[in-house]
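Read in order, the letters of the sequence shown are residues 6 to 763 in this note's numbering. Glycine included, each C-beta is placed from N, C-alpha and C at the ideal position.
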Amino acid sequence: MAQPATAAAPAGTLDYDPFRPDFYTSDPFGTYRRMRDEAPVYWSERWGWYALTRFEDVRAAALDADTFRSFEGMDIDDSRLEQVPPGSIGSMDNPRHDQVRSVVQPYFLPRRIAGLEDGIRTVVRELVASWRDRGAGGGGTVDVAQELAWPMPFDVFFHLMGLPSRHDPDPLEQARRDQLEHWTHELKDRVPGTPHLTEVARAATAGVQRFFIDLLEERRRSGRDDLVTEFVNADIDGVPFVGDRVTTESEVSGLMMILFLGGVESTAGLTGTLFELLAENPDQRALLQADPSLVPAAVEEAMRLITPLQLTARTTSRDVTVHGVTMPAGSRVVLIPGAANRDDRQFPDPDRFDVTRPRGRHLGFGEGVHGCLGAPLARLEARIALEEALPVLGDYELAGPPTFYPSSPNMYVWKNLPVAFGRSGRRPHVEAVHHRTTTVTLATAELETTARVVAKQEAADGVVALTLRGADDRPLPAWEPGAHVDLVLDGAPTRQYSLCGDPADSAGYRLGVLRDPDGRGSSRYVHDRLAVGHPVRVRGPRNNFPLVGSPRYLFIAGGIGITPVLPMIRAAEAAGADWRLVYGGRRRASMAFLDELAQYGDRVSVRPQDETGLLDLDGLLGTPEPDTLVYCCGPEPLLAAVEQRCAGWPRGSLHVERFAPRPQGEPARTEAFEVVLEQSGLTLTVPPDRSILSVVEAAGVGVLSSCAEGTCGTCETAVLAGEPDHRDSVLSEDERQAGDCMMICVSRARGDRLVLDL
Ligand code: FES
6 MAQPATAAAP
16 AGTLDYDPFR
26 PDFYTSDPFG
36 TYRRMRDEAP
46 VYWSERWGWY
56 ALTRFEDVRA
66 AALDADTFRS
76 FEGMDIDDSR
86 LEQVPPGSIG
96 SMDNPRHDQV
106 RSVVQPYFLP
116 RRIAGLEDGI
126 RTVVRELVAS
136 WRDRGAGGGG
146 TVDVAQELAW
156 PMPFDVFFHL
166 MGLPSRHDPD
176 PLEQARRDQL
186 EHWTHELKDR
196 VPGTPHLTEV
206 ARAATAGVQR
216 FFIDLLEERR
226 RSGRDDLVTE
236 FVNADIDGVP
246 FVGDRVTTES
256 EVSGLMMILF
266 LGGVESTAGL
276 TGTLFELLAE
286 NPDQRALLQA
296 DPSLVPAAVE
306 EAMRLITPLQ
316 LTARTTSRDV
326 TVHGVTMPAG
336 SRVVLIPGAA
346 NRDDRQFPDP
356 DRFDVTRPRG
366 RHLGFGEGVH
376 GCLGAPLARL
386 EARIALEEAL
396 PVLGDYELAG
406 PPTFYPSSPN
416 MYVWKNLPVA
426 FGRSGRRPHV
436 EAVHHRTTTV
446 TLATAELETT
456 ARVVAKQEAA
466 DGVVALTLRG
476 ADDRPLPAWE
486 PGAHVDLVLD
496 GAPTRQYSLC
506 GDPADSAGYR
516 LGVLRDPDGR
526 GSSRYVHDRL
536 AVGHPVRVRG
546 PRNNFPLVGS
556 PRYLFIAGGI
566 GITPVLPMIR
576 AAEAAGADWR
586 LVYGGRRRAS
596 MAFLDELAQY
606 GDRVSVRPQD
616 ETGLLDLDGL
626 LGTPEPDTLV
636 YCCGPEPLLA
646 AVEQRCAGWP
656 RGSLHVERFA
666 PRPQGEPART
676 EAFEVVLEQS
686 GLTLTVPPDR
696 SILSVVEAAG
706 VGVLSSCAEG
716 TCGTCETAVL
726 AGEPDHRDSV
736 LSEDERQAGD
746 CMMICVSRAR
756 GDRLVLDL
């Protein structure tokens with residue numbers, strides 16, 4: 006063991022001992038503060054290592070891999086050589102480290118990780134699906150750590166490795182999965198207060214290593230589309246990465262162990278901490294709920310403030326002097342990112358959780374050659390967890406003290422995080438609106454993005470089909486038939502356009518745009534100025550016209566109203582439904598996408614008005630068909646006629662999508678009225694010539710909105726009292742009758758007072 010050449014004795018009672026069982030529950034951050042200020046190069050007499058805590062010192066050491074070497078592992082307990090043995094990437098120096106990392110790095114490039122978004126979102130939605138029922142009717146509790154933060158990264162890791170999902174019907178595969186999960190938790194078993202692993206941890210370590218070596222053997226015999234098979238097929242400078250040599254297998258299984266420990270435990274730590282910090286800081290949670298674009302910043306701030314990997318270790322290859330203290334060659338040095346990330350020399354007010362903090366470099370994902378390989382994946386998982394679970398939890402609070410996961414001293418991770426939610430006292434319909442609007446906005450938080458026009462083709466007279474790709478070819482957000490996006494145009498008003506491509510094609514969107522010479526200028530801009538190669542801002546997608554499951558559909562499209570119908574008929578066909586499309590237009594040459602529709606044969610009836618006259622709506626809709634859903638999109642006269650014909654159909658049969666506002670009669674009331682904003686405690690007067698939205702915004706209350714003409718549904722607000730005068734084009738007749746929500750960009754009050762959930 007190296008001895009200190011220059012004593013760096015801590016002052017007074019400053020005692021840093023991460024092995025102490027209560028270390029992380031007894032203000033570790035206060036200890037770090039004193040270390041940074043009083044002993045920036047701390048010497049632990051008891052354990053025989055140095056510790057660095059200041060931001061610049063930790064970063065410089067992490068970047069200087071020639072001096073601060075990794076061959077003795079990054080842990081400070083026995084696990085450093087037993088669980089991550091020599092020959093695995095965590096205890097490897099260059100040049101071998103970079104060679105091995107180059108095998109796995111391509112799998113974790115941000116572009117490739119972005120392709121996992123839909124799958125991760127599905128996992129998270131399944132995990133939180135039951136929470137909503139628990140929160141209804143007066144509130145419930147959920148353990149965010151055990152029911153989200155841990156199972157989410159487990160599922161993602163199992164997916165990457167080609168291991169069975171939790172839905173695999175094979176009991177043997179499930180037992181295998183359960184065994185691996187069980188061992189993972191036992192890996193962390195330590196003799197309290199010491200650096201020693203227990204026999205249980207040693208047995209679990211052997212079990213996990215054997216598991217991974219057997220998995221390699223399986224994939225060697227029969228490959229799949231997974232990361233392990235990529236390892237099996239990879240080579241380094243022409244030499245197979247997975248050879249027959251035991252040492253090489255040790256490298257590979259060690260790499261998988263690192264991915265497992267890093268990918269699962271760190272992400273569980275980050276996710277749990279994020280929800281814990283938002284419970285403790287309701288003001289910051291409210292900021293996120295009001296402005297979902299802050300979600301990625303919240304993830305970074307949680308990573309900075311309570312870094313899951315609190316410490317990592319190195320061994321010096323030469324004498325190094327820092328702040329006048331010389332650490333001899335061969336010294337073990339503990340780098341503490343958990344302390345560096347709270348250094349007030351780097352971060353103003355460093356102990357505050359602030360989701361509006363300007364983005365700056367933190368050391369949460371490490372730096373240098375051992376910087377976190379899976380950082381893009383951890384960020385993605387944490388973001389999706391927040392986007393999906395926060396709308397369900399709403400204004401939640403801790404339901405009891407969180408408990409720590411019994412991990413190595415390197416880690417700060419929650420084992421249990423019980424929270425209570427759904428106790429807002431809101432009535433069920435208010436909860437429903439709150440959920441709808443918050444889900445839409447949080448789920449689309451990242452979705453206002455710059456795309457690029459990669460194709461622009463004439464689809465019919467006066468119609469162009471635009472194909473958009475994500476910037477840097479990143480996949481665009483997932484969508485479902487009936488969805489639309491906002492095109493946020495530079496020099497023309499923002500406009501909504503239906504997505505008419507294939508939802509399975511995550512690489513790009515297709516839109517059909519009809520030139521409207523009398524419109525507000527957006528379609529003229531698209532036709533005349535937007536060209537291939539141009540960037541364009543896209544917001545959404547959003548869906549007010551979802552395809553509801555049914556054995557039979559009648560689709561009616563007029564003109565450009567064919568666009569949302571195209572993905573719908575594809576979905577109906579794939580589902581084996583019995584469907585028909587009647588597609589009307591002025592002239593055949595003005596009707597877009599006819600070539601594409603030809604594949605469906607006589608399921609599609611093309612009815613150009615100059616050839617066949619007006620659509621025979623009486624013939625189509627004269628007799629109600631109880632098991633048929635009618636979907637209609639097109640110009641207002643067609644929609645009005647279809648609504649009239651469907652008046653006698655069963656409730657819920659008809660679904661319409663409007664591109665333009667539905668014509669409205671005179672408002673029910675021409676005088677000013679009062680709106681009471683219950684949450685904000687404000688009472689405002691809405692004069693006859695202004696919308697509720699503009700008055701509310703002028704009072705400084707944030708409301709999300711987009712179209713401002715009652716067609717997109719973004720500004721939906723719950724009504725607590727009073728009778729709305731609905732003037733939107735989104736709500737169905739039944740929804741209007743219920744009177745419990747309204748689009749405040751256009752709708753008004755019938756009486757002299759409305760109370761809104763704002
Ligand atoms: Fe689009 Fe109100 S902002 S409906």
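Please classify residue i as buried or exposed, where buried requires at least 16 other C-beta atoms within 10 Å of its C-beta.
i    : result
A334 : exposed
L422 : buried
P482 : buried
Q501 : buried
G35  : exposed
V553 : exposed
H731 : buried
V751 : buried
A10  : For A10, the predicted model reports a pLDDT of 37, less than 50, meaning its position is unreliable and no value from the coordinates is stated.
L619 : exposed
G653 : exposed
T252 : Confidence at T252 is low in this model, with a pLDDT of 46, below 50, so its placement is unreliable and no value can be given for it.
D510 : exposed
S227 : exposed
A476 : exposed
Just to check, is the beta-carbon of residue i closer than 6 angstroms to a non-hydrogen atom of the ligand FES?
i    : result
Q499 : Gln is not the amino acid found at residue 499; the sequence shown has Thr there. No.
A713 : yes
S527 : no
C637 : no
T617 : no
S710 : yes
G718 : yes
C750 : yes
Could you name the residues of the same chain whose beta carbon sits closer than 8 angstroms to that of residue i, not counting the 5 residues immediately before and after it, in chain order?
i    : result
A307 : L275, T278, L279, L282, F358 and A387
V543 : L452, E453, T454, T455, A456, L473, L481, V490, D491, L492, V493 and Y514
Kindly list the residues whose CB is nearer than 7 angstroms to the CB of residue i, restricted to its own chain and excluding five residues on each side of it in sequence; keep chain order.
i    : result
V63  : L57, L340, I341, P342, A345 and L368
E178 : P169
R608 : W584, R585 and L586
P355 : R347, D348 and D349
P655 : P629 and P631
Between which two residues does the beta strand (DSSP E) containing residue i stretch?
i    : result
F560 : R557 to G563
L761 : R758 to L761
A460 : T454 to A465
W54  : W54 to L57
A582 : Counting along the chain, A582 falls outside any beta strand (DSSP E), and DSSP gives it neither H nor E.
R796 : Residue coverage of the chain in this structure runs from 6 to 763, which leaves residue 796 outside it and unanswerable.
M332 : V330 to M332
D82  : That residue, D82, is in no beta strand (DSSP E); it is neither H nor E in DSSP.
F678 : F678 to L682
I need the boundaries of the alpha helix (DSSP H) containing residue i, first residue and last residue.
i    : result
M596 : Unbroken run through M596: none, as it is neither H nor E.
T199 : From DSSP, T199 is part of no alpha helix (DSSP H); its letter is neither H nor E.
W155 : No alpha helix (DSSP H) holds W155; DSSP gives it neither H nor E.
Could you pull out every residue in the same chain whose Cβ sits closer than 6 angstroms to the Cβ of residue i, ignoring the five residues on either side in sequence?
i    : result
R758 : E679 and G727
A713 : C750
S610 : V587
W484 : L504, P508 and P546
- Do the segment 377 to 392 and the segment 264 to 272 meet, that is, are 3 or more Cβ pairs less than 8 angstroms apart? Contact between the segment 377 to 392 and the segment 264 to 272 is present, with at least three C-beta pairs closer than 8 angstroms.
- Contact the segment 545 to 562 vs the segment 572 to 589: 3+ CB pairs below 8 angstroms: Yes, the segment 545 to 562 is in contact with the segment 572 to 589.
- Are three or more beta carbon pairs between the segment 685 to 697 and the segment 636 to 643 nearer than 8 angstroms? The segment 685 to 697 vs the segment 636 to 643: no contact.
- Item | the segment 542 to 550 in contact with the segment 625 to 634 per 3-pair CB rule at 8 angstroms | No contact exists between the segment 542 to 550 and the segment 625 to 634.
- Touching or not, the segment 210 to 219 and the segment 185 to 198, by the rule of three or more beta carbon pairs under 8 angstroms? The segment 210 to 219 vs the segment 185 to 198: in contact.
- Query: Three or more C-beta pairs closer than 8 angstroms, one from the segment 562 to 570 and one from the segment 508 to 519: is that the case here?
  - Reply: Remark: three or more beta-carbon pairs, one from each stretch, lie closer than 8 angstroms, so the segment 562 to 570 and the segment 508 to 519 are flagged as touching.
- Query: Do the segment 68 to 81 and the segment 307 to 320 meet, that is, are 3 or more Cβ pairs less than 8 angstroms apart?
  - Reply: Yes: at least three Cβ pairs fall under 8 angstroms.
- Task: Decide yes or no for the touch test of the segment 150 to 158 against the segment 121 to 139: beta carbon pairs closer than 8 angstroms, at least 3 of them.
- Result: Taking 8 angstroms as the limit for Cβ pairs, the verdict is that the segment 121 to 139 does touch the segment 150 to 158.
- Does the segment 457 to 472 touch the segment 534 to 543, meaning 3 or more C-beta pairs lie closer than 8 angstroms? With a cut-off of 8 angstroms on Cβ pairs, the segment 534 to 543 is in contact with the segment 457 to 472, counting three or more such pairs.
- Check whether the segment 191 to 206 touches the segment 217 to 224, counting contact only when three or more Cβ pairs, one atom from each stretch, lie closer than 8 angstroms. These segments do not touch.
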